[in-house]
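K.L.:
My numbering puts the first residue of the sequence shown at 109, with every later residue one more than the last.
Below is one structure. I have some questions about it.
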Amino acid sequence: PRVPMLKADTFFMLERMEGPDNWPVSKDVDKLDMAVIVGNDWTASILERFRMSEDDALENMNGFFKEGGFAKYEIERSRADIEGSTSKLSAHLRIGTLSPNELYHKIEGSDMEYNDRKTFSRRLIWRDLAYFHLLYFPEMRDKSIRLHYEDTEWCSKEEEEKRFNAWKKGQTGYPLVDAGMRELYKTGWMTQSVRMIVASFLVEYLRVNWVKGCEWFHYTLVDADSAINPMMVS
Numbered sequence: 109p110r111v112p113m114l115k116a117d118t119f120f121m122l123e124r125m126e127g128p129d130n131w132p133v134s135k136d137v138d139k140l141d142m143a144v145i146v147g148n149d150w151t152a153s154i155l156e157r158f159r160m161s162e163d164d165a166l167e168n169m170n171g172f173f174k175e176g177g178f179a180k181y182e183i184e185r186s187r188a189d190i191e192g193s194t195s196k197l198s199a200h201l202r203i204g205t206l207s208p209n210e211l212y213h214k215i216e217g218s219d220m221e222y223n224d225r226k227t228f229s230r231r232l233i234w235r236d237l238a239y240f241h242l243l244y245f246p247e248m249r250d251k252s253i254r255l256h257y258e259d260t261e262w263c264s265k266e267e268e269e270k271r272f273n274a275w276k277k278g279q280t281g282y283p284l285v286d287a288g289m290r291e292l293y294k295t296g297w298m299t300q301s302v303r304m305i306v307a308s309f310l311v312e313y314l315r316v317n318w319v320k321g322c323e324w325f326h327y328t329l330v331d332a333d334s335a336i337n338p339m340m341v342s
C-alpha cells in the first residue's frame with residue numbers, strides 16, 4: 109500500500125480543492141426513515157474508553173509502539189488480564205480515524221524482526237481477507253462459510269432464549285466467559301482472544317445458533333464489522 113500523505117500536505121490539498129458549482133439535492137437526515145436503536149446507551153462508556161478522532165488514533169498507535177505494547181504483542185496478545193496486551197486500534201480502523209496504510213507502514217518501519225511481529229502484521233492483513241470473503245460470500249452474515257454449521261441441531265424456543273440471555277448478560281457461571289460478556293456490555297469491547305472464547309462457548313457448549321451471537325456482537329462491539337465478525341464466529 110502507498111505511504112500516507114503527511115497531514116500538512118493533505119490539508120494543503122484540501123484547502124485548494126473547489127466544490128461543485130451546484131450541489132446535488134439531498135434529504136435531511138431526520139427524513140431518511142433510518143432505524144432507531146433501542147436499549148442500552150453505550151455512548152458514554154464508549155467515548156470514555158475510545159476517543160474518536162484522527163489525533164487520538166495516532167496518539168494511541170504511537171503510544172502502543174513507544175510504550176512496549178507492540179514489542180510484547182507476540183507474547184502477551186492473549187492475556188486478557190493485561191490492559192495493554194492489544195492495541196485497541198480496531199475501533200479506529202473500523203470508524204476510519206486511522207488508515208490501515210498508516211498502521212501498515214508503522215509496522216514495516218519498526219526495527220523488529222518479522223518473526224517477532226508476524227501475528228500483529230497478519231491480523232492487519234486479515235481485515236482484507238474478511239472483506240474478500242464478504243465479496244464472494246455475501247450471505248455470510250447469516251449463513252456460515254463453514255458448511256457443517258448449517259447441519260447443526262441448535263437448541264430452540266424457551267431453552268434458546270434462557271441460554272442466550274445468560275450469555276449476553278454474563279450470567280453463565282463460567283468466570284472468564286461472564287467477565288468477557290460483562291466487559292462487552294459495559295464498554296463495547298473485548299480482546300480478540302476473549303471474543304473467540306465466548307463465541308465458541310455460545311456455539312459449541314450452549315448450542316445457540318452462531319447468527320444470534322454475531323448479531324449481538326454487531327450490536328455491542330465498538331469495532332463491529334459486517335465482514336470481520338462473521339468470519340471470526342461463523
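Quick reminder that beta carbons are idealized off the backbone N, C-alpha and C, glycines included.
Taking the alpha helix (DSSP H) that Phe172 belongs to, which residues open and close that run?
P.N.:
Here the alpha helix (DSSP H) through Phe172 covers 162 to 174.
K.L.:
Between which residues of its own chain and Leu292 is the CB-CB distance below 6 Å, once the five residues before and five after are set aside?
P.N.:
Closer than 6 Å at Cβ, skipping near neighbours: Met298, Thr328.
K.L.:
Is the Cβ-Cβ distance between Arg202 and Asp333 less than 8 Å?
P.N.:
In contact: Arg202 and Asp333 (Cβ atoms closer than 8 Å).
K.L.:
Can you tell me whether Gly281 is helix, strand or coil according to DSSP?
P.N.:
Three-state DSSP puts Gly281 in coil, outside helix and strand.
K.L.:
Measuring only the C-alpha atoms, how far is Cys322 from Pro338?
P.N.:
Between Cys322 and Pro338, the C-alpha separation is close to 6 Å.
K.L.:
Please classify Gly176 as buried or exposed, where buried requires at least 16 neighbouring CB atoms within 10 angstroms.
P.N.:
Classification of Gly176: exposed, given that the 10 Å Cβ count is below 16.
K.L.:
Please state whether DSSP places Lys320 in a helix, a strand or coil.
P.N.:
Of the three classes helix, strand and coil, the one that applies to Lys320 here is helix, per DSSP.
K.L.:
Expressed to the nearest angstrom, what Euclidean distance is found between the alpha-carbon atoms of Trp262 and Val319?
P.N.:
Whole-angstrom Cα-Cα distance: 11 Å.
K.L.:
If you draw a straight line from the alpha carbon of Thr247 to that of Leu197, how long is it in whole angstroms?
P.N.:
Before going on, a small fix: residue 247 reads as Glu here, not Thr. If I take the Cα positions, the gap works out to 27 Å.
K.L.:
Count the other CB atoms within 10 Å of the CB of Thr194; is the residue buried (16 or more) or exposed (fewer)?
P.N.:
Thr194 is buried by the Cβ-count criterion.
K.L.:
What are the start and end residues of the alpha helix (DSSP H) that includes Lys139?
P.N.:
From DSSP, Lys139 is part of no alpha helix (DSSP H); its letter is neither H nor E.
K.L.:
Among Val285, Lys294, Lys226, which has the Cα closest to the Cα of Val302?
P.N.:
Minimum Cα distance to Val302 is reached at Val285.
K.L.:
Please go through the segment 258 to 318 and give each complete alpha helix (DSSP H) segment of 4 or more residues, from N-terminal end onward.
P.N.:
As far as the segment 258 to 318 is concerned, its whole alpha helix (DSSP H) runs of at least 4 residues are 265 to 276, 283 to 295, 300 to 308.
K.L.:
Can the beta-carbon of Phe245 be found closer than 8 Å to that of Ile233?
P.N.:
Contact flag unset, no.
K.L.:
What's the C-alpha gap between Arg230 and Met121?
P.N.:
If you take the alpha carbons of Arg230 and Met121, they lie about 33 Å apart.
K.L.:
Verify whether the separation of the beta carbon atoms of Asn170 and Pro109 is less than 8 Å.
P.N.:
Not closer than 8 Å, so no.
K.L.:
Taking C-alpha atoms, which residue in Tyr239, Phe173, Asp250 lies nearest to Leu220?
P.N.:
Checking the displayed sequence, the identity of residue 220 turns out to be Met instead of Leu. The shortest C-alpha separation from Met220 is found at Phe173.
K.L.:
Have a look at Lys135 and Asp224 and give me their C-alpha separation to the nearest angstrom.
P.N.:
Each residue's Cα considered, the two are about 51 Å apart.
K.L.:
Would you decide whether Tyr181 is buried or exposed? Buried here means 16 or more other CB atoms lie within 10 Å of its CB.
P.N.:
Buried, since its Cβ has 16 or more Cβ neighbours within 10 Å.
K.L.:
According to the neighbour-count rule (16 or more other Cβ atoms, all chains shown, within 10 Å of its Cβ), is Met125 buried or exposed?
P.N.:
Met125 comes out exposed.
K.L.:
Can you tell me which of the three DSSP states Thr227 falls into?
P.N.:
If DSSP states are grouped into helix, strand and coil, Thr227 belongs with the helices.
K.L.:
Could you compute how far the alpha carbon of Lys226 sits from the alpha carbon of Trp324?
P.N.:
The straight-line gap from Cα to Cα measures roughly 30 Å.
K.L.:
What is the rounded straight-line gap between the Cα of Gln279 and the Cα of Asp250?
P.N.:
Whole-angstrom Cα-Cα distance: 26 Å.
K.L.:
Throw me the rounded Cβ distance for the Phe178 and Ser218 pair, which I believe falls under 8 Å.
P.N.:
Right, the Cβ-Cβ distance comes to about 7 Å (below 8 Å), so this counts as a contact.
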